[in-house]
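**Q** Below is the structure I would like to discuss, written out as C-alpha cells.
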Amino acid sequence: MDESDRNNSANGQFVGVRMPHRRDRPRVVENGVNNDDAGKYNPSEWVQNLINNVKSEGHKAHGVFSEMDVLKEYNGFIEWREAARWVKYEEVVEEGGKRWSKPHVASLSMQTIFNLRKALKDSPVIMDYDCHTLSQVIDKFTDEWVDTNQLDPRYRPHIRDVALKGHKHRHVKRARNLRRGSTATRPLADIADESSMDNSSAQLPTSASFASINSDGLGSSNSNNELHDHDMGMGMVESPSQASLSHNWKPNTSFLRKIPKDSHVANIMVGEVEDLPNRVMGFMRLKEPRLLQNDLSEVNIPTRFVFFCLGKRGEEEELVEFGRCMGTMMVDEIFREVAYKARDRDDLLAGLDEFMEQVIVLPPGEWDPKIRLEPPGKVQSQEHRRQSVVPGSPGSPSLPVKKAEEAEEESHIDPSLVRSKIPFKGLVDDIKRKVPFYLSDYKDALHVQCLGSFVYVFLGTLTPNVTFGGLLGQATDQYMGVMECIFAAAVTGILFALFGGQPLNILGSTGPMLVLEAIIYNLCKDNDWDFMPMRFWVGMWTVGFILLIVIFNLSALVKYITRFTEESFATLIAVIFIVEAFKKVIEIGSDSPVNFHPNDPLPSCECIPRDCNTTGLTTAAAVATTGLSTALPSTTPEIVNYTCADLTNMTINWASLSNETCMMFGGHMAGHGCEVEYVADVFFFSILLFIGTFALTLSLVDFKRTTLFPTVIRQRIGDFGVLIAIIIMVLIDFLVGINTPKLIVPDEFKPTRRAQWIVNPFSDRNPWWLYLAAGVPALLSTILIFLDQQITAVIVNRKENKLKKGVGYHLDMFVVAICVGIHSLLGLPWYVAATVSALAHINSLKKESECTAPGDKPSFLGVREQRVTALGIGVLSGCAVLITSVLKYIPMPVLYGVFFYMGFSALRGMQLVDRLFLFIQPVKYQPDLPYVRHVPLWRIHIFTIVQIVCLVILWVVKTIKVISIGFPMMVLATGVVRKVIECFFTQKELRWLDDLLPGAGKKKETDKGVESKVPYKSFYSSTSTNGSTLDVQEKDDTIKPKFFVSDECDASIMHRKNTGTGNTRL
C-alpha cells in the first residue's frame, strides 16, 4: 500500500462503495439506453450467477474449518502458533495460550475488509493449483510475488524458510527440554552473529528470530528446483523447536467431532518479518484437498485453501485482522461457495463485495468492540442470497421467487389432502406412501433415545388407562373397568403401531368418549335394555360410518382445520391433564385427611354399649372357658361375644374401648370423630413427590440445553429424564417409608364383571328396531372419533415437526375403524388418538444435531419416525398384569407429576400461550415474533380473546354432563368461528396469526384503509414524444423495496407515461 492509499484509507474516503440493501431509485432513461446501468457492476447478481452456473463436481462446496496461525517467537526460535479458529463462530486463544475463548460472533472492522479487498486486488489469487506439499505451495507463492515485483528475488529463500517453520497447536504440549527457561536454547545474539557470518542463503539458520534479513548476505535463486536441490544438498539445519513440534504433533480427535463430515481446511498464516520491505499476500485454492504437512492443521483434515499474509515489523495487529476477516468469510455460507466455484480473481472479489453488502455496521458510540457477541439461538437462512434477483437474466437459471402468502399456504395444505372422486384413492395413496418406509420404521428405532421414550410414554399412558378404567367402571356398573381399558390399550396399540399411517400417534382414552359411554349405558338402564349388545351395534354402525369416510376420501376435509382449531383443542386437552393431576393429588387429602388444628381437642368417638333389650346373644361358654371374674380388661381379643348377663357382672370403661374391642362386646362407635381418621404425613409427602417429580423431570429434560458436561451426556440425560425422575422419586418414597397410595393394576386377566370376553350381539331384552336406532348415537361417536383422531394427526404432522415419511390420514381412519369393530366385539372401550400422549411421544423422539460447531446451538433435525416404541407400549400394556409386582411400588403422586409434565410440555411452544403473555408484558420486553412485527398489538389481543372464549365454551360443554354430548359439535363450531373471523381480520393478518383456509390466499384484499403492497416500479424503454423513453415495469415486491404510493401519485405517473411529458420522480 503506497502513501496515497494510506492517506485515503485514513481519511475514510471510499468511492463507489455499494452499501447493503441500498436500492437505486427509479430514473428516466433516454434514447432507449440506460447509461447508468450499462456495464453496471452488481456483486449480488455476479455471485448468484456463479453459484447457479458452476455445477462441476470438483467445485462442489463443502464445509470449511478455518485455522489462523501467527508467526511467533519462542525461546529464540520462531514458529507458527495457532491463534484463532472457525467452524461457524470465532474462537481465539487467550490467557497466554492456555485456553480457548468462548465461541462468539466475529466483529470485524469495515476498514479492514476494504483494505483486504484492495490488497487482494493486486495479490496472487491462484485457482486449482495441483500440489502435494506445503513447500510446493510456498514456491508457487514466491514465484508469483517475484513475477509481479512484489518480492525481491533475494528474499525468496528466507521467506520460504519462514513459511516452512513448525506449527504449534493449543492441544499439543511442548517437550520439557524446550519449555521456557531451558538450557537447550541459544541466545538471540549468538544466532544473529551466526546469521551475519554465513553468506549462504541455504545455510541461513532456521532458528533466526523474525528473520533479521541482511540483504548483503542473501543470494538469489530464480528457480524452485535450484532452491530445492540446494536445500537438500547442503543439509539445511532444522531447529530443535521445529523438530519437536513435528515429532509431538497429533490430531485433535475430540475437536474433530465438532466439524461436519467431508469438510476441508482453510489454512490462514499471517506474521511479521523483520526487514521485509513491503507486505505480500496470496490466496490459493488447491485442485484437490491434500494433507500438505502433518502439523499444518489442528485436525487431520485435508487442506483446500491457503492464505498467506506477511508484513514488516510493527504490522502484526493489522495482519491478524486481515486473517480474522479471511477466516470469518471462509465459514460464511455464500462466500465459502464462491471460494469453491470462483474461476478467477474477479469472482473472488465479487464474493467479497457481496459479503460486504450483507454486513451490518454497528455505531461506535453505541457498542463496545471488546464485547464478544453471543451466538444467536437461530440464524436466518441465507437462501435469499443464492436466488437470482433478476429473473431471466443471462447466464442465470430461472429461480422463481415464491411470494410469502404462497409459501405460507403451501406449508399448511398438505398435497395429499386433495379430495378425489375415486373411491379408496386416499387410502391407496397412503399405503403407497408408507410401504417404502415400512422396513426403515423398524431400523430407525435402533437408538437409545427410543428406549427412554418407550418407558416415559408407557408410564404416561398406563396411569390414565387405570384411572379411566375406574371412572368407566363407575359409569357402567363395572361392565367395563380397569382390565378392559388395559386390554383395549394393548389391542389398539399393537394394531395401530403395525398398520397405522402415522405410528407416532398414541391411541388412548379421552374424556368425551367416557361421557358418550355413560350416556349409552344410562339410556339402556332407563329402558331396561341389555347394555353390551346395544353397544355392539353402536360400534358396528360407527365402523360403517368411518368406512364411508375412508371410501369417499372425506379425510381430505382436515385441510380446513387451521391452527385456531388445533390449538384450541390441544390446549383444552393439556389443561384437562394439568387440572386432573392437581385434583387427584387433592383427593389424596380426602383419603388421608390432615388435622389442621392440632391444638384443639379431637372430636369425640366413644363406644356405646349395646341395648340388651334388643340383643339376646348367649355365649356363657365363652366366659366359662376364660375364667374371667367381674373385672375385664379393655383389650381381650380371645372373647368373641358376651350376653347381657355377663356384661352386668363386669366393670367396663366403654369410653376407652377401641373400635375392635367395642364391636367384640356388641357395642358400636358413635361421635363426630368417628367419621374422620387422621393420617400423619401422607398428604404433604404426596405433594412433595408430586412437585418434585414435575420439577425434576422438567430440569432433566431441559438439561440438554445447558452448558454442563459434554453434548453426548447432556442428550442422554435429557432422553431419559422422565425415567430418571421416576426412579429417584420411587427410591425416596421407599426410603422414607410413608404409606403413600400406590399404583394398583389387576393381577388376573379376566373381565371385570362379565363371564367371557366375546359379546353376544343379540339379547331377548332388546327389541329388533334397537339395532337400527343404534345408528343415531353412532353418528355422534363417528364425529367425535373423526375429530379426536384427525385433529391430533394434524398437530403431529405439522411442518414444525419436520416429518419426512409422509402422512396417512385415510389409512389412520381405516385402522381405527378396524379397532372400533374389534373393541365392540370384545366389549372394550373405544380408543382414539390422545393429543397429550401423542405430543409427549413426539417431544421424546425429537432429534438434535450431535455434530455442532462450537457456540452453535444444536439444531432440530426432526423426529425419529418409527413404529417400535408404539408397538412396545401396546405389548407391555397387555403384559401389565404380569409386572404388578414391580408397578405396585410406584406411588400415584409420582405418576400425577408425570401427568402434570405431559400437560405442561404440550403447552410449551403453542402460539396461543405466547399471545397470552403479551397481555402482561410491556411492549419493550415483548419477544420479537413474526406476528408481533406485522399485526397491530390490539388486533392480536382481539384474536386471542376470541380463541379464549372458544376454549372456555369447550370446557363448559365438556364439564356439564347434561350437555356434554354436544362436545363434538362444539369442536366443529370452532371451525365456523374461524371462518367468521375473516369478516373482521384481513388475510394478511390471518396469515401471521393463523393458517389461511384453502383458497383464501387467492383472494385480493379490497379493504380500504389497509396498507397494500405496491410493486417496485422501474422505468425503462417506452418511447415518449420528446424522444426520451419512459416505461413502468413491475417487479416482484418480495425483491425490491416496498413503496407506499398514493393513488393520486400513481395515477399521475401513469398519465405522464401515456403523455410522455416531463421527468418522473417518486
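When we follow this note's numbering, the leftmost residue of the sequence shown carries the number 98, and every step to the right adds one. Built from N, CA and C at the ideal position, the CB exists for glycine as well.
Jot down the residue ranges of each uninterrupted alpha helix (DSSP H) in the stretch 612-653, minimum 4 residues, whole runs only, in chain order.
**A** DSSP runs (the alpha helix (DSSP H)) wholly in the stretch 612-653: 628-648.
**Q** In three-state DSSP terms, what is V476?
**A** As a working note, residue 476 is residue 379 in the sequence shown. Note: V476 maps to coil in three-state DSSP.
**Q** Can you tell me which residues form a DSSP beta bridge with V960?
**A** Your numbering for residue 960 matches position 863 in the sequence shown. Bridge partners of V960: K943.
**Q** Can you have a look at Q887 and say buried or exposed, based on whether 16 or more other CB atoms are within 10 angstroms of its CB?
**A** As a position in the sequence shown, residue 887 is number 790, starting the count at 1. With 16 or more other Cβ atoms within 10 Å, it is buried.
**Q** Using only CA atoms, which one of M989, H1038, V819 lies nearest to I683?
**A** Working through the sequence shown from its first residue, we reach residue 683 at position 586. The shortest Cα separation from I683 among M989, H1038, V819 belongs to M989.
**Q** Give a yes or no on whether the C-beta atoms belonging to A678 and M1007 are separated by under 8 angstroms.
**A** What you label residue 678 is simply residue 581 of the sequence shown in a count that begins at 1. What you label residue 1007 is simply residue 910 of the sequence shown in a count that begins at 1. Going by C-beta atoms, A678 is not nearer than 8 angstroms to M1007.
**Q** Within the chosen definition, does the stretch 820-829 reach the stretch 888-904 through at least 3 CB pairs nearer than 8 angstroms?
**A** Verdict: no, contact absent.
**Q** When you compare each of P473, E451, L459, R469 to R482 by their alpha carbons, which one comes out closest?
**A** If you number the sequence shown from 1, residue 482 lands on position 385. Taking only the C-alpha atoms, the option nearest R482 is E451.
**Q** For the stretch 385-397 against the stretch 162-182, are there 3 or more C-beta pairs whose distance is under 8 angstroms?
**A** Result yes; three or more Cβ-Cβ pairs closer than 8 angstroms.
**Q** For R410, count the other beta carbons within 10 Å of its own beta carbon; 16 or more makes it buried, fewer makes it exposed. Which is it?
**A** Translated into positions along the sequence shown, residue 410 becomes position 313. Its Cβ having fewer than 16 others within 10 Å, R410 is exposed.
**Q** Give the secondary structure of P386 by DSSP, where H, G and I count as helix, E and B as strand, and everything else as coil.
**A** Position 289 of the sequence shown, counted from the start, is the residue given in the question as residue 386. Three-state result, P386: strand.
**Q** Within a Cβ cutoff of 8 angstroms, which residues of the same chain sit near V1029, ignoring the five residues on either side of it in sequence?
**A** Position 932 of the sequence shown holds residue 1029. For V1029, where only same-chain residues beyond five positions count, the Cβ hits under 8 angstroms are L1015, Q1023, I1037.
**Q** Does the contact criterion of 3 or more C-beta pairs under 8 angstroms hold for the stretch 591-602 versus the stretch 629-644?
**A** As far as the Cβ criterion goes, the stretch 591-602 does not touch the stretch 629-644, which means the pair count is below three.
**Q** What are the start and end residues of each continuous alpha helix (DSSP H) run of 4 or more residues lying completely inside the stretch 768-829, in chain order?
**A** With a minimum length of 4 residues, the continuous alpha helix (DSSP H) runs that stay inside the stretch 768-829 are 779-798, 808-816.
**Q** Could you check what DSSP says for P254 in three-state terms: helix, strand or coil?
**A** Locating residue 254 in the sequence shown gives position 157, where the first residue counts as 1. Looking at P254 - three-state DSSP - the assignment turns out to be helix.
**Q** Could you compute how far the alpha carbon of D441 sits from the alpha carbon of L231?
**A** The count along the sequence shown starts at 1 and reaches residue 441 at position 344. The count along the sequence shown starts at 1 and reaches residue 231 at position 134. Spanning the two alpha carbons is a distance of roughly 22 angstroms.
**Q** Reducing DSSP to helix, strand and coil, say where L604 ends up.
**A** Numbered from 1 along the sequence shown, position 507 holds the residue referred to as residue 604. Note: L604 maps to strand in three-state DSSP.
**Q** Out of T573, M577, F649, I648, state which residue places its alpha-carbon closest to the alpha-carbon of V623.
**A** Against the sequence shown, residue 623 aligns to sequence position 526. The identity of residue 623 in the sequence shown is Asp, whereas the question assumes Val. When only C-alpha atoms are compared, the closest one is T573.
**Q** Just tell me which of W927, D909, L923, F911 has its CA closest to the CA of V917.
**A** Taking the first residue of the sequence shown as 1, we reach residue 917 at position 820. Checking every option, the nearest Cα to that of V917 belongs to W927.
**Q** If we call anything under 8 angstroms between Cβ atoms a contact, is D816 one with V545?
**A** What you label residue 816 is simply residue 719 of the sequence shown in a count that begins at 1. What you label residue 545 is simply residue 448 of the sequence shown in a count that begins at 1. A contact, by the Cβ cut-off of 8 angstroms.
**Q** According to DSSP, what are the bridge partners of P988?
**A** Position 891 of the sequence shown, counted from the first residue, corresponds to residue 988. Answer is K839, bridged to P988.
**Q** How about Q479 and E430: are their beta carbons less than 8 angstroms apart?
**A** In the sequence shown, the residue the question calls residue 479 occupies position 382. In the sequence shown, the residue the question calls residue 430 occupies position 333. The answer is yes: Cβ separation under 8 angstroms.
**Q** Assess, as a yes-or-no matter, whether the stretch 875-885 is touched by the stretch 938-957 under the definition of 3 or more beta carbon pairs within less than 8 angstroms.
**A** Contact between the stretch 938-957 and the stretch 875-885 is absent, because fewer than three Cβ pairs lie under 8 angstroms.
**Q** What does a CB cutoff of less than 6 angstroms around E412 pick up in its chain, not counting 5 residues either side in sequence?
**A** By one-based count along the sequence shown, residue 412 stands at place 315. For E412, where only same-chain residues beyond five positions count, the Cβ hits under 6 angstroms are E369.
**Q** Using DSSP bridges, identify the partner residues of G408.
**A** For this step, residue 408 is matched to residue 311 along the sequence shown. Beta-bridge pairing links G408 to E369.
**Q** With the cut-off set at 8 angstroms, would you say M165 and G448 are in Cβ contact?
**A** Here residue 165 corresponds to residue number 68 of the sequence shown, with the count starting at 1. Here residue 448 corresponds to residue number 351 of the sequence shown, with the count starting at 1. Contact flag unset, no.
**Q** If you follow the alpha helix (DSSP H) that R214 is part of, which residue opens it and which one closes it?
**A** As a working mapping, residue 214 is identified with position 117 in the sequence shown. That run of the alpha helix (DSSP H) goes 207-219.
**Q** Return yes when the Cβ of F800 is within less than 8 angstroms of the Cβ of I814, no when it is not.
**A** Residue 814 sits at position 717 when you count from the first residue of the sequence shown. Residue 800 sits at position 703 when you count from the first residue of the sequence shown. Yes. Within cutoff.
**Q** Between the Cα of H920 and those of Q390, L383, E581, spot the shortest distance and give me the residue it belongs to.
**A** For the purposes of this step, residue 920 is identified with residue 823 of the sequence shown, where counting begins at 1. The residue with the shortest Cα to Cα distance from H920 is E581.
**Q** Taking W143 as the reference, give the member of V965, D1092, E434, P955 with the closest Cα.
**A** If you number the sequence shown from 1, residue 143 lands on position 46. Among V965, D1092, E434, P955, the Cα nearest to that of W143 is on E434.
**Q** Leaving out five residues on either side along the sequence, give the residues of the same chain with a beta carbon under 6 angstroms from the beta carbon of P730.
**A** Taking the sequence shown and counting its residues from 1, the one referred to as residue 730 is at position 633. Residue placement at P730 is flagged as unreliable, the pLDDT there being 40, under the threshold of 50; the coordinate-derived value follows with that caveat. Excluding residues within five positions, none has a Cβ falling inside 6 angstroms.
**Q** Applying the 10 Å Cβ sphere with the 16-neighbour rule, what's the burial state of S517?
**A** Within the sequence shown, the letter at position 420 stands for residue 517. Exposed, since its Cβ has fewer than 16 Cβ neighbours within 10 Å.
**Q** Measure from the alpha carbon of A977 to the alpha carbon of each residue in L620, G641, I583, then state which is nearest.
**A** The sequence position of residue 977 within the sequence shown is 880, counting from 1. Nearest of L620, G641, I583 to A977, Cα basis: I583.
**Q** Cβ atoms of L595 and A914: under 8 angstroms apart, would you say?
**A** Walking along the sequence shown from the start, residue 914 turns up at place 817. Walking along the sequence shown from the start, residue 595 turns up at place 498. Cβ atoms of A914 and L595: not closer than 8 angstroms.
**Q** Could you check whether K185 and V428 sit closer than 8 angstroms to each other, using their CB atoms as the reference points?
**A** Start at 1 with the first residue of the sequence shown, and residue 428 comes out as number 331. Start at 1 with the first residue of the sequence shown, and residue 185 comes out as number 88. Yes, the pair counts as a contact, with Cβ atoms nearer than the cut-off.
**Q** Measuring CB to CB, does F782 end up less than 8 angstroms from V833?
**A** To locate residue 782, count along the sequence shown from 1; it is residue 685. To locate residue 833, count along the sequence shown from 1; it is residue 736. Contact flag set, yes.
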